[in-house]
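Worksheet: one structure, shown below.
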Amino acid sequence: ATPMSVMVGVGKAAEAGVLIRNGEALQTASKITAMVLDKTGTITLGAPKVTSIHLVHAKEKDRVLELAASLEAGSEHPLAMSIVESAQEQGLSLSSVKNFKAIAGHGVEGVVEGKELLFGNEKLMRDHSVNVNGAVDVAQQMAAEANTPMYFAVDGVLAAIIAVSDPIKEDSIEAIKRLQKNGIKVVMLTGDNRATAKAVANKVGITEFFAEVLPEDKSDKVAELQMQGEVVGMTGDGINDAPALALANVGFAIGTGTDVAIESADITLMRGSLHGLADAIAVSKATLRNIK
Ligand code: ADP
Ligand code: MG
Numbered sequence: 395a396t397p398m399s400v401m402v403g404v405g406k407a408a409e410a411g412v413l414i415r416n417g418e419a420l421q422t423a424s425k426i427t428a429m430v431l432d433k434t435g436t437i438t439l440g441a442p443k444v445t446s447i448h449l450v451h452a453k454e455k456d457r458v459l460e461l462a463a464s465l466e467a468g469s470e471h472p473l474a475m476s477i478v479e480s481a482q483e484q485g486l487s488l489s490s491v492k493n494f495k496a497i498a499g500h501g502v503e504g505v506v507e508g509k510e511l512l513f514g515n516e517k518l519m520r521d522h523s524v525n526v527n528g529a530v531d532v533a534q535q536m537a538a539e540a541n542t543p544m545y546f547a548v549d550g551v552l553a554a555i556i557a558v559s560d561p562i563k564e565d566s567i568e569a570i571k572r573l574q575k576n577g578i579k580v581v582m583l584t585g586d587n588r589a590t591a592k593a594v595a596n597k598v599g600i601t602e603f604f605a606e607v608l609p610e611d612k613s614d615k616v617a618e619l620q621m622q623g624e625v626v627g628m629t630g631d632g633i634n635d636a637p638a639l640a641l642a643n644v645g646f647a648i649g650t651g652t653d654v655a656i657e658s659a660d661i662t663l664m665r666g667s668l669h670g671l672a673d674a675i676a677v678s679k680a681t682l683r684n685i686k
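Residue 395 is where the sequence shown starts when you use full-length UniProt numbering, and the numbers rise one by one after that.
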């Protein structure tokens, strides 16, 4: 395309809240055959809320929330923020945490009031030999309803499972349908567990998804699709997504996402809506048509 037609295209896209950082991305967007979407914060709002607390070996929900929130106060993960917010809403006071450690894709650990706390997914529990027998059914049920079950252990014993729900953005279903109507294969990628991922994918009409993907493995999925001959668009909001955004043929960042994601992407969706994807592709097609 001529520099002039690219400039016009970039301007058109900007009107739709789609910021295109380089002209090449605008020209490649129309050739995308597969769109990879991160789940949390991309398809969903990324603002999870605690929906229920199921006690296993603990006696009081408030006590569980108090300890869990004290631990999570040191984390910037959206799941962590939902726990801290919930504790604040209950008027609970938090204690300080020692030896805090975040384990990417698994959860967090630390010491609060002299107790060794672990908080995260089932894998985190298994890695620390915490017995989860008898709780897996409850967690599965939570996940089937599109909640993310978080396991909470105190001194090596499973205390409770906290269910957190992250609502799907109101226009994600429509926006995904638009991509599919354009003949684009839509794939969802998430670090979340399989059952939750499946429930969310079903709700938004995505049949192909990969769950329990570790942060360092997200870009491998993009590479795999490229090796299958796909021209890959990747859309994400998190630090986790940055390498995949950089590797994709066109990277799309959610405007409300992390700076690292925005810097790694070619295009930023300022409105956070996934409609920006089909909008960008439409502008790209129009731009290329103009120069023929
Ligand atoms: P994503 O952002 O794609 O859902 P992550 O790789 O950030 O995936 O996290 C994967 C899983 O690890 C989460 O679904 C959760 O079960 C667990 N996890 C990660 N960080 C935390 C945290 N701070 N507190 C509790 N669990 C966490
Ligand atoms: Mg995300």
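Yeah, the Cβ is synthetic: ideal placement off N, Cα and C, and Gly gets one too.
| Check | Outcome |
| --- | --- |
| Within a Cβ cutoff of 7 Å, which residues of the same chain sit near residue 553, ignoring the five residues on either side of it in sequence? | 450, 451, 452, 458, 546 and 547 |
| Of all residues in the structure, which have a C-beta closer than 5 Å to any heavy atom of the ligand MG, taken in chain order? | 432, 434, 435, 631 and 632 |
| Near residue 557, what residues of its chain come up, given a Cβ to Cβ distance below 6 Å and the 5 sequence neighbours on each side ignored? | 445, 446, 536, 541 and 543 |
| Could you name the residues of the same chain whose beta carbon sits closer than 8 Å to that of residue 460, not counting the 5 residues immediately before and after it, in chain order? | 481, 486, 487, 488 and 489 |
| Kindly indicate which residue of 642, 674 and 590 has the alpha-carbon position closest to the one of residue 562. | 590 |
| Can you give the Cα-Cα distance for residue 652 and residue 437, rounded to whole angstroms? | 15 Å |
| Could you pull the DSSP bridge partners for residue 629 from this structure? | 431 and 646 |
| Residue 588: which of 602, 606, 494 and 580 sits nearest, CA to CA? | 606 |
| Where are the beta strand (DSSP E) runs, 3 residues long or more, that stay fully inside the region 587 to 633, in chain order? | 602 to 604 and 626 to 630 |
| Mapping DSSP to helix, strand and coil, what is residue 557? | strand |
| Mind checking whether residue 635 and residue 612 have CB atoms under 8 Å apart? | yes |
| Determine the DSSP secondary structure at residue 447, reduced to helix, strand or coil. | strand |
| Go ahead and pull the three-state DSSP assignment for residue 515. | coil |
| Considering just the uninterrupted stretch of the alpha helix (DSSP H) at residue 675, what are its terminal residues? | 669 to 684 |
| Could you please give the first and the last residue of the uninterrupted alpha helix (DSSP H) stretch that includes residue 536? | 530 to 538 |
| With DSSP as the reference, please indicate the residues paired to residue 546 in a beta bridge. | 513 and 554 |
| For the putative contact between residue 643 and residue 625, defined by C-beta atoms under 8 Å, what is the C-beta separation to the nearest angstrom? | 5 Å |
| What's the gap between the Cα of residue 484 and the Cα of residue 456? | 8 Å |
| Could you tell me whether any non-hydrogen atom of the ligand ADP is closer than 7 Å to the CB of residue 609? | yes |
| According to the neighbour-count rule (16 or more other Cβ atoms, all chains shown, within 10 Å of its Cβ), is residue 617 buried or exposed? | exposed |
| In this structure, does DSSP put residue 582 in helix, strand or coil? | strand |
| Per DSSP, residue 412 forms a beta bridge with which residues? | 663 |
| How is residue 437 classed by DSSP in three states: helix, strand or coil? | helix |
| Could you check whether the region 400 to 415 touches the region 666 to 674, counting it as contact only if at least three pairs of C-beta atoms, one from each stretch, sit closer than 8 Å? | yes |
| What three-state label does DSSP hand residue 503 in the structure shown? | strand |
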